[in-house]
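Let me begin by presenting the structure, written as structure tokens, before commenting on it.
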Amino acid sequence: MAGSTFLPSPRGDLYVTRWLPAGTPSASVLFVPPFAEEMNKCRPMQALTARRLAEHGVQAIAVDLSGTGDSAGEFREARLEHWRQDLALVADWAAREGAPLVGLVGVRFGGLLALELAAGVPGPLRIALWQPVASGQLQLTQFLRLRIAGGLLTGGDRESVASLTAELQAGTVLEVAGYELHPELAAALEGLDLRKRMPPTGARVGWFEVATSEQPELSRVAADRLQDWTAAGLVAEGHALSGDTFWSTVELTTCPALVEHTVRFLVPAP
Amino acid sequence: MSELPAVCDILRNTLQLGKRADAFNASTPLLGHVAELDSMAVVAVLTAIEEHYGIAVDDGDLSAEVFATVGTLTIFVESKMS
Numbered sequence: 119m120a121g122s123t124f125l126p127s128p129r130g131d132l133y134v135t136r137w138l139p140a141g142t143p144s145a146s147v148l149f150v151p152p153f154a155e156e157m158n159k160c161r162p163m164q165a166l167t168a169r170r171l172a173e174h175g176v177q178a179i180a181v182d183l184s185g186t187g188d189s190a191g192e193f194r195e196a197r198l199e200h201w202r203q204d205l206a207l208v209a210d211w212a213a214r215e216g217a218p219l220v221g222l223v224g225v226r227f228g229g230l231l232a233l234e235l236a237a238g239v240p241g242p243l244r245i246a247l248w249q250p251v252a253s254g255q256l257q258l259t260q261f262l263r264l265r266i267a268g269g270l271l272t273g274g275d276r277e278s279v280a281s282l283t284a285e286l287q288a289g290t291v292l293e294v295a296g297y298e299l300h301p302e303l304a305a306a307l308e309g310l311d312l313r314k315r316m317p318p319t320g321a322r323v324g325w326f327e328v329a330t331s332e333q334p335e336l337s338r339v340a341a342d343r344l345q346d347w348t349a350a351g352l353v354a355e356g357h358a359l360s361g362d363t364f365w366s367t368v369e370l371t372t373c374p375a376l377v378e379h380t381v382r383f384l385v386p387a388p
Numbered sequence: 228m229s230e231l232p233a234v235c236d237i238l239r240n241t242l243q244l245g246k247r248a249d250a251f252n253a254s255t256p257l258l259g260h261v262a263e264l265d266s267m268a269v270v271a272v273l274t275a276i277e278e279h280y281g282i283a284v285d286d287g288d289l290s291a292e293v294f295a296t297v298g299t300l301t302i303f304v305e306s307k308m309s
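Chains A and B, in that order, give the protein sequences. Offset between the first sequence (1-based) and the working numbering: plus 118. Offset between the second sequence (1-based) and the working numbering: plus 227.
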């Protein structure tokens, strides 16, 4: 059963969705959302996964970060530091509600924030990363490219990631695909990188990728990160699944295999 | 050209070429020869490359020459990896 609630925060109300199991939840899992429009594309997958988790007695929680979705604030007011605080606030609320946080699902860009959150939450945590974005710079570049798309190789005076970055550095708020990107948020994104973020000791990480090919293989970046994390003594596993790339398809799609593998990873059979 | 197989796979999957990509080699012409490769597809291929390697590509680095052949694209990718 899904319900929503508003949590007070320094920026106003945070919109939180909660999927409750039939009885008292034994544990909580928190979804850390992707960036901008991907949030909307990933909602069906979050809901499907949350309902499956509820079947296992686990409560699932999703939050609209400040300035996004139904939470207070405008996107141009959103800052990375606000988002960090929002997540810590929700994680704290979930724990106080009586169902300890046992897992995180970092959806795309959310993976970067999930790893940061994990460092400040009592563990051990199971951290599922769905098609993680390797760095804030990559997220920013792809976001800016939404504005550039279409005129890429047609020469002449056209925008580029470099020219838009220069505008941001000059203090311009950029309009991208209906979102107003503030230079401070853009600058903060550049500091996020999976290569610079080790999951906390004791955490178990599941890196999930989805591709449409019948025999998908993990990306190079996944293989590199998993190798480094395993070498550092962490339990880290990679899953390359076949299905629709739901975070980017034009029509809303889902990947049932990802739902099943994620739930199996987060709630191991006794 | 160590990344040639990976680049061919990215092209195959992004452009949904299927078995047509089996015959790809370094000298296979791309832009202007593969009908699926319009400007939106170029963006999709770039995105797929970025996601596979975890790198960010500046469009300023791009030119029609990068997408001339499978080989030129592979050389471009390899230069971005270091």
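Cβ atoms here follow ideal geometry from the backbone N, Cα and C, with glycine treated the same way. Every value quoted in this text rests on a predicted model; they were computed, and no experiment measured them.
- Three-state secondary structure (DSSP) of B:D285: Here B:D285 sits in coil by DSSP.
- With a cut-off of 8 Å on the beta carbons, I'd call A:V223 and A:F153 a contact; round off their distance for me. That belief does not hold up - the Cβ atoms of A:V223 and A:F153 are roughly 15 Å apart, past 8 Å.
- Answer with buried or exposed for A:T319, where buried requires no fewer than 16 other C-beta atoms within 10 angstroms of its C-beta. With fewer than 16 other Cβ atoms within 10 Å, it is exposed.
- Message: Please list, in chain order, the residues of the stretch 324-353 of chain A that have any C-beta partner in chain B closer than 7 Å.
- Response: Correct list: A329, T330, S331, S337, R338, V339.
- Item | Cβ neighbour criterion (16 or more within 10 Å) applied to A:D188 | It is exposed - the Cβ of A:D188 has fewer than 16 other Cβ atoms within 10 Å.
- For A:W325, which residues from the same chain have a beta carbon less than 8 Å from its beta carbon, with the 5 sequence-adjacent residues on both sides left out? Answer for A:W325: L247, P250, L336, A340, R343, L344, A354, E355, G356, H357, listed in chain order.
- Query: Between B:L264 and B:L242, which are expected to be in contact by the criterion C-beta below 8 Å, what is the C-beta distance as a whole number of angstroms?
  - Reply: Yes, they are in contact, since the Cβ atoms of B:L264 and B:L242 sit about 7 Å apart, within 8 Å.
- Item | Proximity test, Cβ basis, 9 Å: B:E263 and chain E | No chain E is present in this structure, whose protein chains are A and B.
- Message: With three or more C-beta pairs closer than 8 Å as the rule, is the stretch 280-293 of chain A touching the stretch 222-239 of chain A?
- Response: In short, these stretches do not touch, since the Cβ pair count stays below three.
- Coil, strand or helix - A:W201 by DSSP: In this structure, A:W201 counts as helix in the three-state DSSP scheme.
- Alpha carbon to alpha carbon, how far is B:E230 from B:I276? B:E230 and B:I276: Cα-Cα distance of roughly 11 Å.
- Please compile the residues from chain B whose C-beta is within a distance smaller than 9 Å of the C-beta of A:S278. Simply D285, D286, G287, L289.
- Pull up the distance between the alpha-carbon of A:A168 and that of B:L258, whole angstroms please. Per the coordinates, the alpha-carbon of A:A168 lies some 44 Å from the alpha-carbon of B:L258.
- For A:Q389, go through chain B and note every residue whose CB falls closer than 9 Å to its CB, in chain order. Nothing can be reported for residue 389 of chain A: it is not among the residues displayed for chain A, which extend from 119 to 388.
- Along the chain, where does the beta strand (DSSP E) that runs through A:G130 open and close? Start and end: 130-137.
- Query: Whole alpha helix (DSSP H) runs in the stretch 127-196 of chain A with 4 or more residues, listed along the chain?
  - Reply: 156-173, all fully within the stretch 127-196 of chain A.
- Determine the direct distance from the alpha carbon of B:D236 to that of B:L273, and round the result to whole angstroms. Going by the C-alpha atoms only, they are around 13 Å apart.
- Query: Where do the N-terminal and C-terminal ends of the alpha helix (DSSP H) with A:R263 fall, by residue?
  - Reply: If you look at A:R263, you'll find it in the alpha helix (DSSP H) that goes 254-266.
- Item | Whether B:G281 touches A:S253 by CB criterion (9 Å) | A Cβ-Cβ contact shorter than 9 Å links B:G281 with A:S253.
- Message: Below 8 Å, how does it come out for the stretch 123-133 of chain A and the stretch 201-216 of chain A: are there three or more Cβ pairs, yes or no?
- Response: Touching, yes.
- Excluding five sequence neighbours on each side, which residues of the same chain lie with their C-beta closer than 6 Å to the C-beta of A:A280? Excluding positions up to five away in sequence, the list is empty.
- Item | Boundaries (first-last residue) of the beta strand (DSSP E) holding A:E355 | Note, A:E355: beta strand (DSSP E), 353-360.
- Query: Do B:D285 and A:T372 have their C-beta atoms closer together than 9 Å?
  - Reply: No, the Cβ-Cβ distance between B:D285 and A:T372 is not below 9 Å.
- Query: Hey, is B:E305's beta-carbon within less than 9 Å of any beta-carbon in chain A?
  - Reply: No, no contact with chain A.
- Message: With H, G and I counted as helix, E and B as strand and the rest as coil, what does DSSP make of A:D311?
- Response: If DSSP states are grouped into helix, strand and coil, A:D311 belongs with the strands.
- Query: Curious, which full-length alpha helix (DSSP H) runs of at least 4 residues does the stretch 362-386 of chain A contain?
  - Reply: For the stretch 362-386 of chain A, the continuous alpha helix (DSSP H) assignments of 4+ residues that do not extend past its boundaries occur at 374-384, in sequence order.
- Task: Within the same chain, show all residues whose beta-carbon is closer than 7 Å to that of A:G268, passing over the 5 residues directly before and after it, in chain order.
- Result: Note that A:G268 scores 46 on pLDDT, short of 50, meaning its location in the model is unreliable and no value can be drawn from it.
- Item | Top-ranked residue by Cα proximity to A:L350, from A:E378, A:E332, A:R313 | The sequence given here has Ala at residue 350 of chain A, not Leu. Of the listed residues, the one whose Cα sits closest to A:A350 is A:R313.
- Locate the alpha helix (DSSP H) running through B:F303, then write down its first and last residues. Unbroken alpha helix (DSSP H) run through B:F303: 297-308.
- B:T274 touches chain A at which residues, Cβ-Cβ below 9 Å? Chain A residues near B:T274: Q260, R263, S366.
- Task: Give the interface partners of B:H279 over in chain A, defined as CB-CB distance under 8 Å, in chain order.
- Result: For B:H279, the chain A residues whose Cβ falls inside 8 Å of its Cβ are S337, R338, V339, in order along the chain.
- Reduced DSSP category for B:A268 - H, G, I as helix; E, B as strand; rest coil: DSSP, reduced to helix, strand and coil, places B:A268 within a helical segment of the structure shown.
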